[in-house]
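Quick note, the sequences are listed as chains H and C, same order. Take the first sequence: its position 32, counting from 1, is numbered 32 in the working numbering, and each next residue is one higher. Each number in the working numbering corresponds to the 1-based position in the second sequence with 1000 added. Single-structure report; data block below.
Protein chains: 2
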Amino acid sequence: MVQKKKGPPNGDPPHKKEAAAAEPKRRGRPRAYEPEVALGKALDLFRTTGFAATSLDDLSAATGMNRPSLYGAFGDKRELYIKSYQRYRDNARALMGDIFRNDWPVRRQLEQIFASALDIYLSGEEGPRGCFTVMTAGSEAVADPDIRAMVQNALTELDKAFGHCFRRAKEKGELAENADPAVLAQLASATIHSIAVRARARVPRKELEAIVAGAIDVMLGGK
Amino acid sequence: MVQKKKGPPNGDPPHKKEAAAAEPKRRGRPRAYEPEVALGKALDLFRTTGFAATSLDDLSAATGMNRPSLYGAFGDKRELYIKSYQRYRDNARALMGDIFRNDWPVRRQLEQIFASALDIYLSGEEGPRGCFTVMTAGSEAVADPDIRAMVQNALTELDKAFGHCFRRAKEKGELAENADPAVLAQLASATIHSIAVRARARVPRKELEAIVAGAIDVMLGGK
DNA sequence: GGAATTTAGTGCGAAATGGTACAAAAAAAG
DNA sequence: CTTTTTTTGTACCATTTCGCACTAAATTCC
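Here is the structure:
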């Protein structure tokens, strides 16, 4: 009896604005939380304490949802972790895409990418949290094939993005003749990994920026 | 009454071989485990599952010691973790020291260092375990100041070792005139961090070796 | 052989953890 | 106002976890 449900002759034609927050009037008791916000809080918590050391009580406190609601909205702890990680990656991808899309010289692009990375890695009220992929997801990757696949994906995506960037730079003559874009991309990725690790150990931003600057110089061959 | 103990006129004069396993005959029931071996097993386990996800029961099973013995020998879980990490670092330091002490050309030294690192990171029965510093200790570093200090120490030690290596290479004329040993050292460290992360995600050794080869070429300026 | 000493091993207990059942609450629909 | 639907919030359960008390065992010293 749920098949046709009823054709509402009044408002809300199926294609209005769609994605907006225009909810078509849900039926029961309204939610006391916003799923997007709650997921963000969960992500923040997982980023600082990792999977195993984060309890459902912690998550409940951080999101403001009680455990049954958490479960209903996101599934069990592992599912919530995976959704958090997906969200993190979506954010990162969007940020990087915005930068790489611009038609700037390589140096400028690299500077922006690394600066954004530092912003992400160094944020956090109780100390910097590093990179989700490198720190907590990497830890789970050994035991959990699904998470491992996501981590692998994150790694290759980063390599590819940098690779594309360097290839374009070479075409524009911004790199030396003998420069290999793929190798440079892996070096750039390695620099990202390195500052992620160091950020987590509370290496001050100034030092990380110096590392980035040095790496860029080497990669661009002093140009 | 334990002061003079008795001068045993027979074997075991106080200074024989000292540090060797020549135990001076302990008093009570003999231990059923060898502390060194047990610590090694604990280290292996911590490396694969991290701190929070490793229970005392797991450690007990891995070491063959029951929980009270574990506690008596190494203290609580956190102490055992720290001792394991110390052991890991001692091993790594010894290994690197052996390589850097040789008077080889830079390229050879770097190749050896990276090969050893891969050996460490890729070992493990249930899949590669990456680097203790980068993965599990890095995770704990946010919350625990003592562990954080150890991680910081590990990071700077690696930078320094590479720095020394490159400085000597430059003196020997193996590097370009404008090469900055400190920057190259940080790149070498970054490469270490990167292959540690990738190893944990089960990137095959061949790929990791390719990354290493490319990084070395860039660092040595094609020499 | 008996006392002293050190370790092994069983087992307990308090707390935390992940997950869920169930009733109360809040909204729309009839 | 009643029914239906969806969410909240309390309370609970089974399991795991860490740490330790206590007894039994094994060895040396006298």
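Ideal Cβ positions, reconstructed from N, Cα and C, are used throughout, including at glycine. Model, not experiment: these values are computed from the prediction.
Where do the ends of the alpha helix (DSSP H) carrying residue i lie?
i, result
"Asp1057/C", "Leu1056 to Thr1063"
"Tyr1088/C", "Lys1077 to Arg1101"
"Tyr121/H", "Val106 to Leu122"
"Val183/H", "Pro181 to Arg200"
"Asn153/H", "Pro145 to Glu171"
"Met1135/C", "From DSSP, Met1135/C is part of no alpha helix (DSSP H); its letter is neither H nor E."
"Gly214/H", "Arg205 to Met219"
"Gly40/H", "Pro35 to Thr49"
"Gly1130/C", "Looking at the DSSP string, Gly1130/C is not in any alpha helix (DSSP H), and its letter there is neither H nor E."
"Ala226/H", "Residue 226/H is absent from the model: chain H starts at 1 and stops at 223."
"Arg67/H", "Arg67 to Phe74"
Keeping to the same chain, check which residues put their C-beta closer than 6 Å to that of residue i; ignore five residues upstream and five downstream.
i, result
"His15/H", "Low confidence applies to His15/H: its pLDDT is 39, below 50, so where it sits in the model is not reliable, and the reading given next is rough at best. Excluding positions up to five away in sequence, the list is empty."
"Gly163/H", "Pro181, Ala182 and Ala185"
Return the chain-ordered list of same chain residues with a C-beta closer than 7 Å to the C-beta of residue i, the five sequence neighbours on each side being excluded.
i, result
"Thr48/H", "Gly124, Glu126 and Arg129"
"Leu122/H", "Pro128, Ala199 and Arg205"
"Thr1063/C", "Tyr1033, Ala1038, Lys1041, Ala1042 and Leu1070"
"Leu208/H", "Leu118, Ile195, Arg198 and Ala199"
"Val1203/C", "none"
"Tyr1081/C", "Phe1046 and Phe1051"
Can the beta-carbon of residue i be found closer than 8 Å to that of residue j?
i, j, result
"Leu224/H", "Tyr88/H", "Residue 224/H lies beyond the stretch modelled for chain H, which goes from 1 to 223, so this question has no answer here."
"Arg148/H", "Ala1201/C", "yes"
"Thr133/H", "Val151/H", "yes"
"Ala179/H", "Lys170/H", "yes"
"Leu1110/C", "Lys1077/C", "no"
"Phe100/H", "Cys165/H", "yes"
Roughly how many angstroms lie between the CA atoms of residue i and residue j, to the nearest whole one?
i, j, result
"Phe1046/C", "Ser84/H", "25 Å"
"Ala1213/C", "Leu1220/C", "11 Å"
"Asn91/H", "Pro1035/C", "47 Å"
"Leu1175/C", "Gly1072/C", "53 Å"
"Gly1028/C", "Ser1139/C", "40 Å"
"Val1218/C", "Asn1102/C", "23 Å"
"Ala143/H", "His1193/C", "20 Å"
"Met1065/C", "Leu1184/C", "45 Å"
"Lys5/H", "Pro30/H", "Note that Lys5/H scores 35 on pLDDT, short of 50, meaning its location in the model is unreliable and no value can be drawn from it."
"Arg1168/C", "Thr1191/C", "20 Å"
"Ala1154/C", "Asp146/H", "31 Å"
"Thr1054/C", "Ala141/H", "15 Å"
"Ser1189/C", "Gly50/H", "24 Å"
"Gln1086/C", "Cys1131/C", "13 Å"
"Ala1021/C", "Trp1104/C", "The predicted position of Ala1021/C is uncertain, since its pLDDT is 47 and thus under 50; no value can be drawn from it."
"Pro68/H", "Arg1108/C", "59 Å"
"Glu79/H", "Ala1061/C", "29 Å"
"Glu177/H", "Glu1177/C", "20 Å"
Going by C-alpha distance, which of the options is nearest residue i?
i, options, result
"Asp1098/C", "Arg1026/C, Ile1113/C, Gln1086/C and Arg1107/C", "Ile1113/C"
"Arg93/H", "Lys77/H, Glu79/H, Glu177/H and Ile120/H", "Ile120/H"
"Ile1216/C", "Gly1173/C, Asp1159/C, Arg1031/C and Val1106/C", "Val1106/C"
"Ala161/H", "Pro181/H, Pro145/H and Asp146/H", "Pro181/H"
"Leu187/H", "Asp159/H, Glu79/H, His164/H and Glu177/H", "Asp159/H"
"Leu1095/C", "Trp1104/C, Gln1086/C, Cys1131/C and Ser1116/C", "Ser1116/C"
"Thr1156/C", "Gly163/H, Leu80/H and Ile211/H", "Ile211/H"
Could you name the residues of the same chain whose beta carbon sits closer than 8 Å to that of residue i, not counting the 5 residues immediately before and after it, in chain order?
i, result
"Lys25/H", "none"
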